[in-house]
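Quick note: the sequence shown uses the numbering used here, first residue -13, plus one each step. A short worksheet on the structure shown next.
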Amino acid sequence: MKCRDLMQMELQWVSADANVTDAARVMRDRSVGFLLVGDPIPGRLVGVLTDRDLATRVSAEGKAPNEVRIADVMSRDVITCAEDEGLGEAEARMCESAKARLVVLDGQKNPVGVISLTDILLHDRGGRALKTARAVLSREGGGPHQPVESIRLTPSTPEDEARAMEQPSATVGGSRSGSTKEFGETSFGGTWSNK
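Structure representation (structure tokens):
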């Protein structure tokens, strides 16, 4: 099986010059967690932006989303595969890079699709996808990805923590069943389909 056989062809784009709020809205409105970043228009791939990037590089750092450009927080190291490449090669690349999505390129190195770990799991062949999933997800259980010395902790007192627990807007943990999806259009995101 080739990558072109499993890839999703409806690509979601956002401009590198847009701000993080714009990207988050595109993700929300289109129910996606992965955007291709164009410079400044779709077609010329300069990076990718994931919901994880937004969480770790914006929210966790306390940055104002409407003041942060996508170019400043996107992942520039885009992991790719060729559309005519075998699925086994793509799985090996996912394992090696611990990335759950690969951008699929045509013969001219243009993005034509995205293949995800979910796509592979849905088309599992003899349990190979489980091995790929374990390798990709190993980073989640592997602890910090940066030296401990570079992690900035916010000092708090027991009183600070008690106040935070009393405030209804301060969610420390929990679960929620059900979901709400909102749909709409924004001029910052684009869809590029190669059908």
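Even glycine gets a Cβ: it sits at the ideal position worked out from N, Cα and C.
{"Item": "Per-residue DSSP class, three states only, for PRO141", "Value": "Residue placement at PRO141 cannot be trusted, given a pLDDT of 46 that sits under 50; what the coordinates show is reported in the next sentence. Here PRO141 sits in coil by DSSP."}
{"Item": "Which listed residue (ARG87, ASP70, PRO97 and THR36) has its alpha carbon closest to that of VAL6", "Value": "THR36"}
{"Item": "N- and C-terminal bounds of the alpha helix (DSSP H) containing VAL6", "Value": "6 to 16"}
{"Item": "Residue range of the unbroken alpha helix (DSSP H) whose run includes GLY74", "Value": "73 to 83"}
{"Item": "Between the CA atoms of ALA76 and LEU88 - distance to the nearest angstrom", "Value": "8 Å"}
{"Item": "Runs of alpha helix (DSSP H) lying entirely within the segment 21 to 51, each at least 4 residues, in chain order", "Value": "37 to 40"}
{"Item": "Reduced DSSP secondary structure (H/G/I, E/B, other) of ALA86", "Value": "coil"}
{"Item": "Span of the beta strand (DSSP E), counted from its first residue to its last, around ILE101", "Value": "97 to 102"}
{"Item": "Selected residue, minimal CA-CA separation from VAL54, among ALA121, ALA10 and MET(-7)", "Value": "ALA10"}
{"Item": "Residue range of the unbroken alpha helix (DSSP H) whose run includes ASP(-9)", "Value": "-11 to -8"}
{"Item": "Cut-off 6 Å between Cβ atoms - residues of its own chain near PHE20, not counting five sequence neighbours on either side", "Value": "THR36 and ARG87"}
{"Item": "For ARG120, the three-state DSSP class (helix, strand or coil)", "Value": "helix"}
{"Item": "Among VAL44, LEU(-8) and LEU31, the one whose alpha carbon lies nearest that of GLN94", "Value": "LEU31"}
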